[in-house]
Every structure is written in C-alpha cells, then in structure tokens.
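**Q** Attaching a single structure in structure tokens format; questions to follow.
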Amino acid sequence: MEREGASPLVHLVIILTCLVWILPTLGLLVSSVRPAHDVAATGWWTVLRNPFDLTQYTLQNYREVLGAAGMGRAFVNSLIITIPATLLTIGIAAFAAFAFAWFQFPGRDALFLVVVGLLVVPLQMTLIPILRLYSRLGLAGTFVGIWLAHVGYGLPFAIYLLRNFFGSLPADLFESAFIDGASPLTAFFRLALPLSVPALASLGIFQFLWVWNDLLVGLIYLGGSPSVAPLTVRLSTLVGSYGQSWHLLTAAAFVSMAVPMAVFFALQRYFVRGILAGAVKG
Amino acid sequence: MAKVVLENVTKRFGDVVAVKDANIDIPDREFVVLVGPSGCGKSTTLRMVAGLEEVTEGNIYIGDTLVNDIPPKDRDIAMVFQNYALYPHMDVYNNMAFGLKLRKFPKDEIDRRVKEAARILGIENLLHRKPKELSGGQRQRVAVGRAIVREPKVFLMDEPLSNLDAKLRVQMRAELSKLHNRLQTTIIYVTHDQVEAMTMGDRIVVMKDGVIQQIGAPLEIYHKPKNIFVAGFIGSPAMNFVEVVIRKDEQGRYWVEHEAFKLRIPDEKVRELQDLPKYVDKKAVFGIRPENIEDAAIVPDGREDATFVANVDVVEPMGAEIFAYLNLGDQSVVARFDPASTVQDGQQVRVYFQMEKMYLFDPETEEAVA
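Residue numbers (the working numbering), protein chains in the order written: chain A, 17 to 298; chain B, 287 to 656.
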C-alpha cells in the first residue's frame, strides 16, 4: 500500500494549478479594497509594487455596497428563497431516491431514466413556458413560485445522486431491518437517512450554492421588485447598464460569498469518511 | 418454536430455476443444515423461508401457518447474515434492541433480554461500542445476539461463519451448537462447508443445481449417499471414484475389475446390493473413501483378495495422518494412512481396500446401486 512518491515536478504542477485557479479571486479581492478611481485607472496587480503601502486600500466599496438602499431586504430575501428551496429539494429527493433504490414497482427503471434524462434539459428552455404558466396562476413574483422553480430544477440531479448513494448501501442491512420488524418508513428514517449524512450534506451544499448564486431564475420569475428580489438581482442593479461603477461589484461579490462560505464550513465536517465501516465485512 | 415445512417449493428468476420442487419437513427444535456448492439454491431456499424472496410455486409453513404471503416481520423469525448486517450507526446495545424497540417491548424487558443475550455470548463489555470498533468474531456474536433477543420461532443463518478465520470458525461452530442445545429452537443453517454441516446439523439437506439430492442425519448421509454427488461432497478428503467392470466367476463370487486391480466384493456386500447381478460384465463406478484404504504393512490381517500393489505419486504427512496419492494408471486415488506408515514418494506400496465399506454407482444415472 505504499504510495508512489510524488516527484517535485508533480508538486510544481499542483502549485501552479492552484495559483492559476486562485488568481481571479485574488484579483477580485484586491480590487474590492481599492478606491474607485484606482480601479478604473490601473489593474489590481499595481498594488504588488508596494503591497504594504496601506494608503492604497480602502473599505469605501464595502461601505457603499452594504449601505445601498434595499441591501438588507435583499439579503433576507435570499435566505427566504434559498433555505426552503434547499430543504424541500433534499427532502423530496430523499424520498424519491429511496423508492427508486429499494422498492419494486412497475415502470421503476423507465421512470428513473426519465428523471436522469431531465438532467440534460437546459433550464433556459423552460423559462418562457413556465413564466406564462406562473402569470396565469399568479405565481410570478412570489416566493412560492421561485421555490417551486428551484426545487424542480434541482430535483433531477438530487434524486440521481441520492439514488446512487442509497443503492450502494448494503441490501443485507435493509433485509435485516425488515426481519427485525421495520416498515419501509422506519428503514428510511432510522437507517437510510442516518447512513447518508455525507451525501445529504454534499447535496445540501451544492443546492444551497446554486440557489444562492442564481441570478437568472430569480430575475425571470421574481422580476426586479425589491420586496422579493434576492441579493444577486439587487447586486446586478448596482452596476450601471454601461458597466460603470463595477468597483462596487467586486465588493458585492465578496459580500454575497460570505454566506455560502459559512454554509460550506458548517457542513463540511459531515463529510465523514467511512461512516459505513463496520456494517458489513469487507 | 415451530416446525417448518416446505411443500413442492420452486423459485424461478426469469428463466432460471433457482430451486426446484423442494420438499423439506423440519420438526420443531431441529438444527437442519442446507449444504451444497455455491449456486445450488440453498441461500434462495433460506431467503424464501425468511420472506425475502417470493415463492414461485409451492407452499411454506412455519408452525401451522401458511406464510407464502406473510411479510418477513410477521413471520416471527430471526436471521443472521453472512456479512453480519449490523447497523453501523448504532452501538451494540441498540443493534440488539432495535427489533424489540420496533415491536414496542417495554424498556425493562428489552434491557433484560439484551443483557441476558450479551451474557450468553460473552459480549457484555462491548455493549456501548460501535460495530466498526469490533473484530470479526465479535461482530458475529452481536449478529447472533440480535437474533437471540427476539426469541423467534425459527432462526435462519446464512453462512454465518464463512467470514471468520479458520480457528475462530471452529470455535464458533461449537458455540452455535451449544447455543442450539440451550435455546431449543428450530434452526435452519446454510453453508457450503460440509464439515460445518456434518458437525452441527441434526439433519443435512444436500442440494445441487436447485435440486435436493438427499436429506438425512449426518452419518446416514456419510454412510449411505444416494448418488455420486452426495458421496463426493460429504467427507474430506472426498471419496475416490474409479470406473470398473463388475465380474462374476464360476464360484458365484463378485469382483470389481480395473486395469490396476481386481478386488473381491465380500458376500455380505453382495447380499446388500440386490441390483448387483444386473451389472455383471458392465461398467460401474466404484467408490471408496480415503479412510477405507489401508497400508497393508500396518494392517497385515487385510484380506488377500482385497489387497494389491500400487505406485505412490506423492505423500503428504499431516502429523495425525498421512495422505498418499496412489497412481492407478489413468487416475489417482487418495488414501489416508496411519501415521506409522513409512511409505515414501515414488515407492510401491501394498494397499488393502476395506471392501465391506465400498460403494457402487450406476455410471449413467450416477445413483447408488441398490
């Protein structure tokens, strides 16, 4: 089981890749703390000449972004949209995935194929028909409407991911539980869910990030109305239509990144490896 | 506690017949072992009794109840799986208590039963460990404990020892037998290991290709195998089979003839084999177990008409016994000699066949000659 010793070349390649990967974010961070006229005049790398000259940095951009009208409301809206859209998706997907993985019913495989097939449908195709439907039903511009939209867009992947995870749980475990007297619902809540925490956590992170960072779906179904618009929509209005004042956008990006980062670090401890160890031999 | 009856049970997966027309009658409190090579349908049979597989045709009764359409949880059975199937996120105590909790037993009753089972199995000090913190043998005990606490009518065990190392397997074998004596419950046990079958079972069901070959007590199967498969499967090393021709001389004596030997069938054996005259001057399969072949130097009183000289290919000294591979021209025969034998590789040895313990099979049907 000895691992091949990583050569210095491999290390070099990895470090370079990391640097290239991190460069845009770094640029964004630096730009976000530079005064507006500097941002407009020179590139962010200019600071590297005197990186410790603190006079070239300012928090003015952050002050402007956070102080802009309606930012607090937008932040709350983002939470109102994202949390139910994430929990509903995971909840519905878990039930569906469990049925796909462990129940025998006619048309199961065909139905699952349809769900997987939906993964390749671009959501842009659905925008107009669904928006028309929403206007007729009065769902356009409501939270319920956007919850439904995000859950619908998220479910195919969520079901696919969880079905594969549930399917890899040992069949013996469930058979043993059924002989012990468990109903399918008991097996779901007492076995499948506790054993799937890593999968549920990663799915939670994915879905949360997608919904939080989404601009398109929010813009289409909610419109620009400040009472319901999420952070992404609000931030996009900070930038003028000609691209002026984009220095604000850099700070805004970091503001909107804060919550996903917190979610990631909160849930990443559930990525526990080997949670199944000891269930079955081998 | 209950009897289990399988009546003309057949299981098909699509076009594949996994179990064909099985009839097994298991009285209350019996320890019955289903044994056979992998893919013989023994596990499928067990899973049908458990209710994990549906019966295609036929009936299964537990006690006096027809259980064909009764779900596993209502059959009052407990099962021990080959992989233990312990719940990894629960500690040992909760693994054992899970079934009782689901059945809404009072807390103190659950506690009493779990501790009692833990005491019987010697795992009292492990009750608060998770399965991953246990060794294979300990996990096995927990899996058995989980079955015991339920106090079911029938125990089902699917190769429960096959994941243990050889030493532990022998130890657990004896413990399971002891457990059966103590619990006095019907046990159906599946294994591919004929030693487990011989040592543990009150009765053995030998299966092959989904068909039951023979049902009987271990020694009955050992001494009176119904066909070549059973004869070769039960016993270790396996019985030797040699194709021979049956001869009858003017004095009315019967012989088995092979290019390497001509041995007389004793009169009492002739009387036993009533169909023997039909095979005169015809081919038959002669069977002899390794333990019924002796080194004539050690058993000097062997009968002359059952003794011949053979070339020894290889000798394997095992300490308590010696396995000698005898070259009989077109095939090799294993003999199990007393360790006092001095036979060496490549030597010739005078061997004595205990012909009163010989077997004869029909070469076409492979059935034992009646």
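Where is the CB? At the ideal position from N, CA and C, for every residue including glycine.
Which first and last residues belong to the beta strand (DSSP E) in which G573(B) is found?
**A** That run of the beta strand (DSSP E) goes 569–574.
**Q** Counting beta carbon pairs with one atom in the region 480–489 of chain B and one in the region 298–318 of chain B, are three or more of them shorter than 8 Å?
**A** Verdict: yes, contact present.
**Q** Tell me the rounded alpha-carbon separation between S463(B) and T342(B).
**A** For S463(B) and T342(B), the distance between alpha carbons rounds to 33 Å.
**Q** Does Y373(B) get closer than 8 Å to chain A when you measure Cβ to Cβ?
**A** Cβ-Cβ to chain A under 8 Å: yes for Y373(B).
**Q** Confirm, please, whether the CB-CB distance from Q640(B) to N597(B) is below 8 Å.
**A** Taking 8 Å as the Cβ cut-off, N597(B) and Q640(B) do not qualify as a contacting pair.
**Q** Taking C-beta to C-beta, are F663(B) and Q537(B) nearer than 8 Å?
**A** The requested residue 663(B) does not occur in the structure, where chain B is confined to residues 287 to 656.
**Q** Got a sec: is the Cβ-Cβ distance from G294(A) to anything in chain B below 8 Å?
**A** At G294(A) the pLDDT is 47, less than 50, meaning the model places this residue with poor confidence; the figure from the coordinates comes in the next sentence. Yes, G294(A) lies at the interface with chain B (some Cβ there is under 8 Å from its Cβ).
**Q** Beta strand (DSSP E) containing N411(B): first to last residue?
**A** No beta strand (DSSP E) holds N411(B); DSSP gives it neither H nor E.
**Q** T351(B) by DSSP, collapsed to three states: which one?
**A** It is a strand residue.
**Q** To the nearest angstrom, how far is it from the Cα of H478(B) to the Cα of A524(B)?
**A** For H478(B) and A524(B), the distance between alpha carbons rounds to 14 Å.
**Q** Under 7 Å, CB to CB, which of the residues in the region 186–211 of chain A have a partner in chain B?
**A** So the list reads P186, D188, L189, E191, S192, F194, I195, D196, G197, A198, T202, L207, P210, L211, given in the order they occur along the chain.
**Q** Please state whether DSSP places P145(A) in a helix, a strand or coil.
**A** Helix.
**Q** If contacts are defined as beta-carbon pairs under 8 Å, then L254(A) and L247(A) qualify, I think. What distance do you get, rounded to the angstrom?
**A** Not quite, the Cβ-Cβ distance comes to about 11 Å (not below 8 Å), so this is no contact.
**Q** Tell me, please, whether the CB atom of A364(B) is closer than 8 Å to any CB atom in chain A?
**A** With 8 Å as the cut-off, A364(B) counts as an interface residue toward chain A.
**Q** Taking buried to mean at least 16 other C-beta atoms within 10 Å of its own C-beta, is V600(B) buried or exposed?
**A** When all chains shown are included, V600(B) counts as exposed.
**Q** Measuring CB atoms only, is the region 625–637 of chain B touching the region 581–598 of chain B, in the sense that at least three cross pairs come out at less than 8 Å?
**A** These segments touch.
**Q** Is it right to say M277(A) is buried, meaning 16 or more other beta carbons lie within 10 angstroms of its own, or is it exposed?
**A** Burial call: exposed.
**Q** In chain order, which continuous runs of the alpha helix (DSSP H) of length 4 or greater are located wholly inside the region 97–174 of chain A?
**A** Whole alpha helix (DSSP H) segments, 4+ residues: 124–134, 140–153.
**Q** Please report the Cβ distance between T330(B) and E339(B), rounded to the nearest whole angstrom; I am assuming they are in contact, meaning their Cβ atoms lie under 8 Å.
**A** Indeed, because the Cβ distance is near 6 Å, the residues count as touching under 8 Å.
**Q** Is Y237(A) near I144(A), with beta carbons less than 8 Å apart?
**A** Going by C-beta atoms, Y237(A) is not nearer than 8 Å to I144(A).
**Q** Could you pull the DSSP bridge partners for K387(B) from this structure?
**A** Paired residue(s): none; K387(B) is not in a bridge.
**Q** Just to confirm before moving on: does the CB-CB distance between Y508(B) and G521(B) stay below 8 Å?
**A** Yes.
**Q** Indicate the three-state DSSP secondary structure (helix, strand or coil) for P24(A) in the structure shown.
**A** Helix.
**Q** Who are the neighbours of F367(B) on chain A, taking C-beta pairs under 7 Å?
**A** Simply D188, S192.
**Q** Let's test the definition: count the other Cβ atoms within 10 Å of the Cβ of M604(B) and tell me whether it reaches 16, buried, or not, exposed.
**A** M604(B) comes out exposed.
**Q** Run the CB neighbour count on N526(B), radius 10 Å, all protein chains shown included, and call it buried at 16 or more, exposed below.
**A** When all chains shown are included, N526(B) counts as buried.
**Q** State buried or exposed for R50(A), treating a residue as buried only when at least 16 other CB atoms are found within 10 Å of its CB.
**A** Flag for R50(A) reads buried.
**Q** So Q223(A) is in the beta strand (DSSP E); what residue range does that whole segment cover?
**A** Not the beta strand (DSSP E): Q223(A) falls in the alpha helix (DSSP H), residues 213–229.
**Q** Spell out whether any CB of chain A is found under 8 Å from the CB atom of D358(B).
**A** The question names Asp, but residue 358(B) in the sequence shown is Pro. Closer than 8 Å: yes.
**Q** Between G431(B) and chain A, is the shortest Cβ-Cβ distance under 8 Å, so that the two count as touching?
**A** No, because no Cβ of chain A sits closer than 8 Å to the Cβ of G431(B).
**Q** Cβ of F623(B) less than 8 Å from any chain A Cβ?
**A** Not one chain A Cβ lies under 8 Å of F623(B).
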